[in-house]
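Below is one structure; the comments refer to it alone.
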Amino acid sequence: MTTETTFLKVDNISLRFGGTQALTSVSFDVYPGEILAIIGPNGAGKTSVLNCLNGFYRPYQGQIIFDRKDLTRLPPHRIAQMGVARTFQNIALYTGLSTLDNLMAARNIHMRANFLQCLIYWGPAHHEDIAHRVQVEEIIDFLEIEHIRKAIVGSLPYGLRKRVELGRALALEPRLLLLDEPMTGMNQEEKEDMARFILDIHEREHMTILLIEHDMGLVMDIADRAVVLDFGAKIADGSPQEIRADPAVINAYLGEAN
Amino acid sequence: MTVLRPAGEFDTSYAEDMATIRRKWQWVLLFASIIALYMLPLYASQSMVALVNRICITIIAVQGLNLLTGYTGQISLGQAAFMTTGGYISALLVNELGWPFYFSMPAAALGAGVIGLIFGLPSLRVKGFYLVMSTLAAQFIIPWFTRNAFKDLLNGAQGLNVAVPVIFGLEINTPQRYLMLTLTALIITTIIAYNVSRSRLGRAFITVRDNDLAAEVLGVNLFRVKLQAFFLAAMFAGLAGALAAHQLRHINSETFNLTDSIILMGMLVIGGLGSNLGPFFGAIVVEMLIEIATILGPVFSDILPSTAYGAVQALRPLFFGTALMLFLIFEPRGLAYRWNLMKAAWRLRPFSH
Ligand SMILES: Nc1ncnc2c1ncn2[C@@H]1O[C@H](COP(=O)(O)OP(=O)(O)O)[C@@H](O)[C@H]1O
Ligand SMILES: [Mg+2]
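Chains A and B, in that order, are what the protein sequence lines are.
Number 45 in the working numbering belongs to position 45 of the first sequence; there are no gaps in the numbering.
Number 1235 in the working numbering belongs to position 235 of the second sequence; there are no gaps in the numbering.
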């Protein structure tokens, strides 16, 4: 494919922490509307890639182009405002807020009420809250979390918190959704629900999704393509079928099993 | 914890669902209490009215601190310094430029807010303990400034005499008259604090407190939000400082000191961080304790004349310190949290278990 249709281009990025080389010259492309999985053993550098995309880590080499704009040097909140949302491997919700307010807080980037209007509240700030509440309620319905709408998220069980976190990312109305192990630590039923939500989002919104997942079976089921990392370097890139047959991938996964 | 509501009550719109005061009798009760407070001079002693004045002013300062520490999670020990700033600004505007207090006080709030903004700048780089240290800097630099800079204007360590507020030729020179001022100011700040907490601004504050990394990755400009919180906190302090200065009719570098900053923080902890009721509970309870200490002091020195020299001075910090310690151990979420639990239980009566 040509660069014209590339939605996200990760170009030769390298990242180091002190003596640890977390990423070495990693490159891959993401095309609009696809689900791309990043797989690889623990410590391979998957989360680090997402952190670079978020502007949370800064690669010392390479470039990240999103929708023709270079976001390698942008601060995290600017990247979010460009339409990149994510969930975290270790859930990072606003624990003191309700489910509803976690999602409302994410609408922040689409809200326009200024400082003074917030102090007055009556008028624009109030109207805006109501308008955004409608959108947030749609997400709540979609994710089937109506019953915990007003619950403080810190007290929710793990599986539900993962779901609220997905809802919060959706509330940003992103064009690119980054999911860091959305199904890890869930039971089979929860995993299936989550897979169904991800596929639904993809279908309904034609959203481009970059997903880190450990479970090869799940990756085969939902991803269009996969990128495989091992020790901070890319070792394979292709359709799930190609990946499964790739000797280097088999080696890396066997290596982990031992 | 879900919000508990009486059975059979449902909301028919998002606006209704978002409202805090839901029923007519609650509005009636609120207005009746406000009117009763305004009429306090008709049925309470002068010292009682003076105490209420002091409590109102204190609540305003704690409300500001609550926005910064309770909602945004930025611990500050500089609140008294911003009271000093507000007090001086209002005093100068009235004394030197002849401004009426109803202009000088908002200006004092704004001026203190801007100074607060400057002392909030380190919050982008430092957190927790280190931020406490840098807010403490305000507590040293600002009083030092008032003592040593522009001596012919600020009058050094002696400080300034502050004019009595005048409105339509009426001098506001008694606690009874001053009550109109402090109550009105408190109503305004309470509405502002409440509005902030329910708006996108308040939600952004809480995201910074609860998970600043996630907030950043989800589009919150941490720097901007923290500075907004510092600005508001200092604004509230500035207003409180101006109110206090005009009531005391004097201000110097020691009128509001580090001890006050610590007490304001203690009030917030006792009342409940991140709750709009917290500052009310905290300020009222601690001011009451201080009152009791003031009454008990002379009693102590009568019983134990040899050992109780300066018992009043000793009792106040003792009461405050003990109360704070007990709260930190037994109810770190403060009185507002306990109050909410009680309300929830009441709503579920008679099936509270
Ligand atoms: N903030 C950090 N500081 C130091 N080392 C880190 C940091 N983040 C990641 N690493 C290191 O980078 C490597 C890749 O980590 P990570 O991206 O979390 O892997 P994965 O998500 O694939 O399990 C690991 O060796 C890890 O220890
Ligand atoms: Mg990881």
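Glycine included, every Cβ here is placed at the ideal spot set by N, Cα and C.
Computed from a predicted model, the values in this text were never measured in an experiment.
Asked, Found
"For ligand 4, which residues count as neighbours when the test is a C-beta closer than 6 Å to any heavy atom?", "Judged by which ligands are present, ligand 4 is missing from the structure shown, whose ligands are ligand 1 and ligand 2."
"Should Tyr1014/B be flagged as near chain A, meaning a C-beta pair shorter than 9 Å?", "yes"
"Hey, does Met207/A have any beta-carbon neighbour from chain D nearer than 9 Å?", "This model lacks chain D altogether, as its protein chains are A and B."
"Please report the residue range of the beta strand (DSSP E) in which Gln61/A lies.", "61-66"
"Determine the DSSP secondary structure at Thr24/A, reduced to helix, strand or coil.", "strand"
"Can you tell me the Cα-Cα spacing of Cys118/A and Ala151/A, whole angstroms?", "24 Å"
"Which residue or residues does DSSP assign as beta-bridge partners of Arg1054/B?", "Beta-bridge pairing links Arg1054/B to no other residue."
"Can you tell me whether Gly238/A is helix, strand or coil according to DSSP?", "strand"
"Once you ignore the five residues that flank Leu1131/B on each side, which residues in its own chain have a CB closer than 8 Å to its CB?", "Gln1074, Ile1075, Ser1076, Pro1122, Ser1123"
"Cβ of Gln89/A within 8 Å of any heavy atom in ligand 2?", "yes"
"So the alpha helix (DSSP H) Asp224/A belongs to, where does it begin and stop?", "No alpha helix (DSSP H) holds Asp224/A; DSSP gives it neither H nor E."
"If we define contact as Cβ-Cβ less than 9 Å, is Val1217/B a contact residue for chain A?", "yes"
"When you compare the CB of Met1001/B with every CB in chain A, is at least one pair closer than 9 Å?", "Model confidence at Met1001/B stands at a pLDDT of 39, short of 50, so the residue's coordinates are unreliable and nothing is read from them."
"I need the DSSP call for Thr72/A, collapsed to helix, strand or coil.", "coil"
"Counting only runs of 4+ residues fully inside the stretch 1211-1288 of chain B, write out the alpha helix (DSSP H) ranges in chain order.", "1212-1217, 1222-1248, 1258-1271"
"What does a CB cutoff of less than 6 Å around Gly159/A pick up in its chain, not counting 5 residues either side in sequence?", "Met186, Glu190"
"With a threshold of 16 other CB atoms inside 10 Å of the CB of Ser155/A, please say whether the residue is buried or exposed.", "exposed"
"Are three or more beta carbon pairs between the stretch 127-139 of chain A and the stretch 71-82 of chain A nearer than 8 Å?", "no"
"In this structure, does DSSP put Ile1172/B in helix, strand or coil?", "coil"
"On the three-state DSSP scale, how would you describe Leu176/A?", "strand"
"Under 9 Å between the Cβ atoms of Tyr1194/B and Asn1066/B?", "no"
"For Val26/A, which residues of its own chain have a beta-carbon under 8 Å away from its beta-carbon, when the five flanking residues on both sides are left out?", "Val10, Asn12, Ile13, Ser14, Gly45, Val49, Gly62, Leu229, Gly232, Ala233, Lys234"
"Is the Cβ of Arg1198/B closer than 9 Å to any Cβ of chain A?", "yes"
"Under 8 Å Cβ-Cβ, which residues of chain B neighbour Ala125/A?", "Asn1195, Ser1199, Arg1200"
"For Ala1204/B, would you say it is in contact with chain A, using Cβ-to-Cβ distances shorter than 9 Å as the test?", "yes"
"What in chain B is Cβ-close to Asp70/A, meaning under 9 Å?", "In chain order: nothing, as chain B lies at least about 19 Å away."
"In three-state DSSP terms, what is Phe7/A?", "coil"
"Answer with buried or exposed for Leu8/A, where buried requires no fewer than 16 other C-beta atoms within 10 angstroms of its C-beta.", "buried"
"Between Glu1171/B, Ala1234/B, Leu1051/B, Ser1047/B, which has its C-alpha nearest Ala1108/B's C-alpha?", "Ala1234/B"
"Should Asp246/A be counted as a contact of ligand 2 given a C-beta to heavy atom distance under 8 Å?", "no"
"Going by DSSP in three states, Ser1354/B sits in which element: helix, strand or coil?", "Outside the displayed range of chain B (1001 to 1353) lies residue 1354/B, so it cannot be described from this structure."
"Starting from Leu1097/B, follow the alpha helix (DSSP H) in both directions and report where the run begins and ends.", "1079-1097"
"Is there a C-beta anywhere in chain B that falls below 9 Å from the one on Thr184/A?", "no"
"Please state if the CB of Ile1059/B and the CB of Leu1186/B are separated by a distance shorter than 9 Å.", "yes"
"For Leu210/A, which residues does DSSP report across the bridge?", "Leu36/A, Leu178/A"
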